[in-house]
Amino acid sequence: MGAIRAPKQPAVKGSAKPAELKQVLEVQGRKVPVSRLEKVFYPATGFTKGDVIDFYIRISSVLLPHLKNRPLTLKRYPDGVEGGFFYEKRCPPYRPDWVQTAPVWSDKNDSEIHFCLANDLPSIIWAANLGDLELHTFLAKAKQIDRPTMLVFDLDPGPPANIVQCCEVGLLVKERFDRMGLESFAKTSGSKGLQVYVPLNTAVSYDTTKTFAHNLAQELESQRPELIVSRMEKRLRTGKILVDWSQNDRHKTTVCVYSLRAKEHPTVSTPVTWEEVRSALKKKDPDKLRFTSDEVLRRVEKHGDLFEPVLKLKQKLKG
Amino acid sequence: MDSGESARKLSPKSMRAIWKGSISFSLINIPIALYPATRKEELKFRLLRASDLSPVNYKRVAEADGVEVPWDQIVKGYEYEKGKFVVLKDEDFKRADVEATQSVDIIDFVDLDDINPIFFDKPYYLEPEKRGEKAYALLREALKQSGKVGIAKVVIKTRQHLAAVKPQKQVLALELMHFAEEIVDASELKIPEAPDVGTRELAMAKDLVDKMSVKWDPSKYTDDYRHRILDVIHEKVESGGKEAAPRGTPKKATNVVDLVSVLQESLEQASRSSGGHSKRKTTSHKRKISRAA
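Chains H and E, in that order, give the protein sequences.
Just so we're aligned, residue 239 is where the first sequence starts under the numbering used here, counting upward by one.
Just so we're aligned, residue 16 is where the second sequence starts under the numbering used here, counting upward by one.
Written out as structure tokens, the structure is:
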């Protein structure tokens, strides 16, 4: 009752819908729809959506192996870094049929959620076109979702501490693993902090990695309480580095290496050598560990993929 | 027609049960489903941006930094001191009273006439589930014939309510009630006691009331305000409604074909340096995308 019915004549006079400006990119035999490539996503530098896609194309050869078969949570900035963002776990149903997905059980929803997989370049471009600036992946692969392939420490600085202090902590973490005979690798988060990855690529559970990481974080905290915290409360963190061990969880995603970040400038989560970490600490210069998209491409040309061992090296946690 | 499935109306469930549980008292347990008994007939308006009638949406943003927070990152908290919270999860709510979830626990039966209508708040309907029909009908008849209602406690959406199980013709209704402590004491209001008036005035007042008396007929009263608004809406639609601006109207037709070819070029280069990385000079390519725009 009370339903409004429109009159017979069209209610709107003379406003035809403008033609949709859609283009198609031919990528490895697939037609990837792209739109509004000229839209500025990073106003501080004028970096556009087209530039974002371009970066991902050019970094794809080193990026793809790290994304392969890892469920991806999209972090979409449809209006660029100054607009809002939203996370999307369920792979959008309107995706092209060649975008692969992986089912992951969600206790919260009491059902499976199909996550996107960025297993090839066309899929990355499709996601980037949706404004997925940042690539956040699980620590495990889809087929063995309960088996993390690495241990991760996210070192997050509480202002006024910055990445320089993270370097000091990162080296402490590395030293611990050195003593256990395990290799570790560092990358910038692309934001404020540093991340230390310990490749495992062997049979291990999240319970093991999480407990191990928690214990290590607490140990470090008790040794250097003026520098390190292991708990999240913001008020504890002023001037200290949070050793975030809680990322080692089957529900959590971590930003993938070579991913752009939605910061003011198009900075990238970049792998760095331990020499570079020591050098930044010695010189107390945070800019030594800040890389934008162009800089990362140059580094990759020069050094190749510094993070390749994180995928290949097999190590076992002891104790 | 046998009892059981066929006795129940196979009505299309346009009404959705709020929960399924049971009426319980003494050793009796009657499985039921709870349905709302009222429906709000409200006109729904949408907020629109004036310039182009684009619907305006709401986002949940964190106070700390203005960043949008998705539902899966939101928890319920209780502010026990300014700015200090304790978080309560679903398990915590369940823990508070494991027994009182999804059941109408009748404590006493009282005479309906004894209850001041001010206590009644919101009505729901109870529908018997399978195997409960007989007990349901029995309870209903017993209440009808005795003029009594069951006073019960029930938890709906984490809140406990006082309620009356009341026969409403063929249905058992669950009338949510106010707890006595919820009724505000009217003694604070300035109310005169016995009127300072003469018998004649009182007689005139009673006469007036008498003249305006009719038999109670609820259908006689309708929401005229709502009807008048609908009339205004009809008028506007007839005289030419306005369509919202289509989404994502591009500002100008930029030389977009160029951008695509620039990207295609990157793709060629990327695939040419197979297995490795883009080897050409990155600097010459810098900002090429933006400049082509």
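The beta carbon of each residue, even a glycine, is placed where N, CA and C say it ideally should be.
Bear in mind the structure is a predicted one, so any value in this text is a computation, not a measurement.
Residues in the same chain with beta-carbon distance under 6 Å from residue i, minus the five sequence neighbours each way, listed in chain order, please.
i: ASP543 of chain H; result: VAL300
i: PRO182 of chain E; result: ARG155, LEU158, LYS159
i: LYS35 of chain E; result: ALA48
i: SER422 of chain H; result: LYS412, PHE415, VAL434, VAL436
i: PHE40 of chain E; result: ILE121
Report the partner residues of residue i according to the DSSP bridge assignment.
i: TYR435 of chain H; result: H:VAL390, H:PHE423
i: GLN261 of chain H; result: H:VAL272
i: ASP126 of chain E; result: E:LYS163
i: SER349 of chain H; result: H:SER344
i: THR511 of chain H; result: None, per the DSSP bridge assignment.
i: THR214 of chain E; result: Answer is none; THR214 of chain E lacks a bridge partner.
i: GLY36 of chain E; result: E:ILE47
i: LYS379 of chain H; result: H:GLN382
i: ARG314 of chain H; result: H:PHE324, H:ASP370
i: VAL180 of chain E; result: E:GLY165, E:LEU189
i: GLU83 of chain E; result: E:VAL76
i: GLU471 of chain H; result: DSSP lists no partner for GLU471 of chain H.
i: CYS354 of chain H; result: H:LEU310, H:THR339
i: SER118 of chain E; result: E:SER37
i: GLU250 of chain E; result: Looking at the DSSP assignment, GLU250 of chain E forms no beta bridge with any residue, so it has no partner.
i: GLN175 of chain E; result: E:VAL170
Taking Cβ-Cβ distances shorter than 7 Å, what residues in chain H pair up with residue i?
i: SER281 of chain E; result: ASP292, ILE295, ARG296
i: PRO85 of chain E; result: PHE324, TYR325
i: LYS74 of chain E; result: GLY322
i: ALA195 of chain E; result: Going along chain H, no residue has its Cβ under 7 Å from ALA195 of chain E, so there is no contact; the nearest lies around 39 Å.
i: ALA209 of chain E; result: Result: empty, since nearest Cβ-Cβ is about 47 Å, beyond 7 Å.
i: ALA77 of chain E; result: The premise fails here: ALA77 of chain E is roughly 12 Å from chain H at the closest Cβ pair, so nothing lies under 7 Å.
Under 8 Å Cβ-Cβ, which residues of chain E neighbour residue i?
i: LYS430 of chain H; result: Per Cβ cutoff of 8 Å: no residues; LYS430 of chain H is ~14 Å from chain E at best.
i: LYS346 of chain H; result: ASP87
i: SER427 of chain H; result: Neighbours of SER427 of chain H on chain E: none; closest Cβ ~17 Å, over 8 Å.
i: SER361 of chain H; result: Neighbours of SER361 of chain H on chain E: none; closest Cβ ~14 Å, over 8 Å.
Any C-beta of chain H sitting closer than 9 Å to the C-beta of residue i?
i: LEU187 of chain E; result: no
i: LYS35 of chain E; result: no
i: MET30 of chain E; result: no
i: VAL82 of chain E; result: yes
i: SER66 of chain E; result: no
i: GLN69 of chain E; result: Checking the sequence shown, residue 69 of chain E turns out to be Ser, not Gln. Answer no: the Cβ-Cβ gap between SER69 of chain E and chain H never drops below 9 Å.
i: GLY263 of chain E; result: Summary for GLY263 of chain E: the model assigns pLDDT 47, below 50, so the residue's position carries little reliability, and this model does not support an answer.
Please list, in chain order, the chain E residues whose beta carbon lies closer than 9 Å to that of residue i.
i: LEU263 of chain H; result: VAL275, LEU278, GLN279, LEU282
i: LEU410 of chain H; result: Per Cβ cutoff of 9 Å: no residues; LEU410 of chain H is ~29 Å from chain E at best.
At the 9 Å Cβ level, is residue i part of the contact set with chain E, yes or no?
i: GLY288 of chain H; result: yes
i: SER517 of chain H; result: no
i: GLN485 of chain H; result: no
i: VAL493 of chain H; result: no
i: SER299 of chain H; result: yes
i: GLN266 of chain H; result: yes
i: VAL272 of chain H; result: yes
i: THR511 of chain H; result: no
If the cut is a Cβ gap below 7 Å, which residues of chain E does residue i touch?
i: LEU480 of chain H; result: Ordered by position in chain E, no residue passes the 7 Å Cβ test against LEU480 of chain H, which lies about 16 Å from the chain.
By Cβ distance below 8 Å, which residues in the same chain neighbour residue i in space, the five residues on each side in sequence not counted?
i: ASP238 of chain E; result: GLU56
i: LEU245 of chain E; result: LEU58
i: LEU275 of chain H; result: GLN261, THR286, LYS287, GLY288, ILE291
i: GLU208 of chain E; result: none
i: LEU368 of chain H; result: LEU312, ARG314, PRO316, PRO330
i: LYS550 of chain H; result: PRO437, ASN439
Leaving aside the five residues before and after residue i along the sequence, list all residues of the same chain whose C-beta is less than 7 Å from its C-beta, in chain order.
i: ALA260 of chain E; result: Since pLDDT at ALA260 of chain E reaches only 48, below the 50 mark, its modelled position is unreliable, and no value is offered.
i: SER517 of chain H; result: LYS526
Is residue i a contact residue of the ligand SAH, with contact defined as CB to any heavy atom under 8 Å?
i: VAL493 of chain H; result: The ligand SAH is not part of this structure, which contains no ligands at all.
Would residue i pass as an interface residue toward chain B - the criterion being a Cβ-Cβ separation below 9 Å?
i: SER286 of chain E; result: Reference to chain B is not applicable here, since the protein chains of this structure are H and E.
### Message
Count Cβ pairs between the region 440 to 457 of chain H and the region 384 to 391 of chain H that sit closer than 8 Å; are there 3 or more?
### Response
A contact exists between the region 440 to 457 of chain H and the region 384 to 391 of chain H.
### Query
Pairing CB atoms from the region 507 to 514 of chain H with CB atoms from the region 390 to 403 of chain H, are three or more of them under 8 Å?
The region 507 to 514 of chain H is not in contact with the region 390 to 403 of chain H.
### Query
Do three or more CB pairs link the region 126 to 138 of chain E to the region 189 to 196 of chain E at distances below 8 Å?
The region 126 to 138 of chain E makes contact with the region 189 to 196 of chain E: 3 or more CB pairs, one atom from each, lie closer than 8 Å.
### Message
When you compare the region 347 to 364 of chain H with the region 533 to 542 of chain H, are there three or more beta-carbon pairs, one atom per stretch, that lie closer than 8 Å?
### Response
In the pairwise beta carbon analysis, the region 347 to 364 of chain H is classified as not touching the region 533 to 542 of chain H: fewer than three pairs are separated by under 8 Å.
### Query
Between the region 67 to 87 of chain E and the region 307 to 327 of chain H, do three or more beta carbon pairs fall short of 8 Å?
Under the Cβ criterion (8 Å, minimum of three pairs), the region 67 to 87 of chain E counts as touching the region 307 to 327 of chain H.
### Task
Determine, using beta-carbon pairs with one atom in the region 287 to 305 of chain H and one in the region 519 to 530 of chain H, whether at least three such pairs fall under 8 Å.
Flag = no, the region 287 to 305 of chain H and the region 519 to 530 of chain H do not touch.
### Query
Pairing CB atoms from the region 512 to 521 of chain H with CB atoms from the region 460 to 469 of chain H, are three or more of them under 8 Å?
Result no; under three Cβ-Cβ pairs closer than 8 Å.
### Query
Is the region 360 to 374 of chain H touching the region 488 to 499 of chain H in the sense that three or more CB pairs, one from each, lie closer than 8 Å?
Segments in contact, yes.
### Task
Examine the Cβ distances between the region 482 to 493 of chain H and the region 449 to 459 of chain H and report whether three or more of them are shorter than 8 Å.
Because the criterion of three Cβ pairs below 8 Å is met, the region 482 to 493 of chain H and the region 449 to 459 of chain H touch.
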